[in-house]
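Worksheet: the structure to be examined is printed underneath.
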Amino acid sequence: MSTDPRIDKFCDALEQNLTRLGVEQPGDIVSEIRSHLLSAADSGALEAALDEMGSAGDYARQFRDELRIEDAYIRSGPKHTVATLILLSAHRLGAAIGLFFTGILYLTAVSVLVTIGFEIFNPSSTGLFTDDSGVFFLGTIASDTSAYTEHLGGFYIPVAAAMAMGFYLAGGAIARLALRLMRKKSNRQV
Amino acid sequence: MIMNIDSWKSQLRKGAAELAVLALLNHTPSSGIALVKRVEPYPNIGLSGGALYPLLNRLEREGKIAGRWSSETVGRPEKAYEVTPDGKAWLAAMREARTFFDQDMNAILEAKA
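In C-alpha cells, the structure reads:
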C-alpha cells in the first residue's frame, strides 16, 4: 500500500474545507477519497487522480455546491433559491449574475408595493403619469401635479399589485434559471 | 466561424452522468474506484473520477443509492454503492425519457427532406 504524503496532505486539507463549508459527515467523504487515492497510487496514477480533483478547497466546494444547487432546485421556493445564490455568488459568476437580476426584480416588486401604500393615503400624487414630453413615470410626484397626466386612476392599485406580482415571479424565474444553468454546468464537469 | 466540438460534446453529457452512474450501479453494486474503472471503456461518456464522488454523495443523500462500507479489499475498506428502490424508479423514468428523446432525434436525423 502506498503511503505517499500527498494523500495525507490532500485528505487533511479536504476534511478541513468540508468542515468549514458545513458539509455533513466529512469524515465519511474523506475516507472514501483516501481509499480512491490509495488505489490510484497503487496503480501509479496518483498524479492524475489528484489533478482530476484539483485543490482541496475547490473539491470541497464541489461537494457542497452539488448538494446545495440540487436542494434549492428541488425545493424551488424563493427563500431557498435566493439563499443559495447568495452563498454561491462569492465564487460562481452564474450565481452572482442571477442574484443581481433577481435582486433588481424583487426590489422593483417591493417599490411598486410601496406606491400602493402611497396611492391609498395620497391618491392625487401617486400613480402612472406622463409628462409633457410623453415620458411615462410610475410612482409618487412631490408637487405640481398639473404638469403630469395621470393614467389608470382608480385602477392603479390592482394594476400595481399585478405588476408587483409579475416582478416577483420574474425574479423567482431568474433565480431558478441561474440554478438550472449551474446544475447543468455541474453535470458537464463530470 | 469558430467550431468547438468539445464544447458541443460537453453539452451532450448534460444529465448523462447521473443516468450512467445509476445504470452501472443497477447492474452491479460498486465502489467509487470500481465505478471509475468500469467507465474507462466508455470515454465518450466523459465520467471522470474527480467529479464522481460529489455526484455519488448527492445521490446517496437523495436516497437514490445506498452506500455501505466493507473491508473485502485486504487492508483497505471501500464504500460500495447500490441502487435503492427509489433510485430504480428514478432510473426507469430517466431511461424512458431518454428513449423517447433518442427516438425523436433519430427520426429527425434520418428524415429525408
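As given, the protein sequences belong to chains A and B, one line each in that order. Numbered according to my numbering, the first sequence terminates at residue 182, and the numbering increases by one at each position without gaps. Numbered according to my numbering, the second sequence terminates at residue 117, and the numbering increases by one at each position without gaps. Glycine is no exception: its CB is placed at the ideal position from the N, C-alpha and C atoms. Please read these numbers as outputs of a predicted model, since none were measured by experiment.
The straight-line gap separating the alpha-carbon atoms of Pro47 (chain B) and Leu80 (chain A) is approximately 31 angstroms. In this structure, Ala48 (chain A) sits near Gln8 (chain A), with a CB-CB distance shorter than 9 angstroms. Chain-ordered, the chain B residues with CB closer than 8 angstroms to the CB of Ile25 (chain A) read Tyr57. Interface flag for Ala41 (chain A) against chain B is set, since a Cβ pair is found closer than 9 angstroms. Distance from the CA of Gly126 (chain A) to the CA of Lys68 (chain B), rounded to the nearest whole angstrom, comes to 59 angstroms. Assigned with DSSP and collapsed to three states, Gly19 (chain B) falls in coil, not helix or strand. About 5 angstroms separates the beta carbons of Leu77 (chain A) and Gly90 (chain A), which is inside the 8 angstroms limit, making them a contact pair.
Among the CB atoms of chain B, one or more fall inside 9 angstroms of the CB of Gly46 (chain A).
Shown here, Leu97 (chain A) sits in a helix according to DSSP, grouped into three states. Contact of Gln8 (chain A) with chain B is not assigned, every C-beta pair being separated by 9 angstroms or more.
DSSP places His72 (chain A) inside the alpha helix (DSSP H), whose first and last residues are Pro70 to Leu80.
Taking the beta carbon of Arg80 (chain B) as reference, the chain A residues within 8 angstroms of it are Met(-7), Ser27, Leu30 and Ser31, listed in sequence order.
Taken through DSSP and simplified to helix, strand or coil, Gly36 (chain A) comes out as coil.
Here Ser23 (chain A) carries a helix assignment [DSSP, helix/strand/coil].
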